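One structure is given below, encoded as structure tokens.
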Amino acid sequence: MLVKWLYLSLGLLFLALALLGVLLPGLPTTPFILLAAGCFSKSSSRLYNWLLGNRLFGPMIRDWETHRTISRRVRNIAVASMLLMGSLSIFFILDQLFIQLLVGSMVLIGSYVLMRIRLTELRAD
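Residues are numbered in our numbering as their position in the sequence shown, beginning at 1, plus a constant of 2.
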């Protein structure tokens, strides 16, 4: 029972972070939605089904769970927002080279990981 509540709490936290990510360009949405779905699948079938039925997040979750893929649009938005926000961060941290290098390397690693995920193929539904 404690494990179920832990998964539920984590799912709600990840969902809140994902919703913030919709509004804040530097915060990713996709990983938090996928983590929330995973936590809800182990704790709350009602919240899990609600996420699957959501017109914005449902297709992304189904693609990931079924095929371990993401859409080209999701990937492009994620990489572009990381590059934009990373570049802005590096630009505004003018006098701290170590932090600039750290931010730059995190953006490059995140972009590399996203680029390695297979894309959802177009399907006739």
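The C-beta atom is built at its ideal place from N, Cα and C for all residues, glycine as well.
Computed from a predicted structure; not experimentally measured.
Here Leu17 is not near Ile72, since their CB atoms are 8 Å or more apart. Leu53 and Met3 have their alpha carbons spaced roughly 22 Å apart. Our two residues, Trp66 and Phe94, have alpha carbons roughly 35 Å apart in a direct line. Between the alpha carbons of Leu26 and Met84 lies a gap of roughly 11 Å. Secondary structure within the stretch 34 to 58: the alpha helix (DSSP H) runs of 4 or more consecutive residues, fully enclosed, are 47 to 55 (chain order). For Phe42, the closest of Thr32, Leu8, Ser89 and Leu86 by C-alpha to C-alpha distance is Leu8.
Per DSSP, reduced to three states, the secondary structure at Ile72 is strand. Collapsing the DSSP output to three states places Leu12 in a helix. For Gly23, same chain residues with a beta-carbon under 7 Å away, outside a window of 5 residues either side, are Leu29, Pro30, Thr31 and Phe34 in chain order. When the alpha-carbon of Met62 is set against those of Val76, Asn51 and Tyr50, the nearest one is in Val76.
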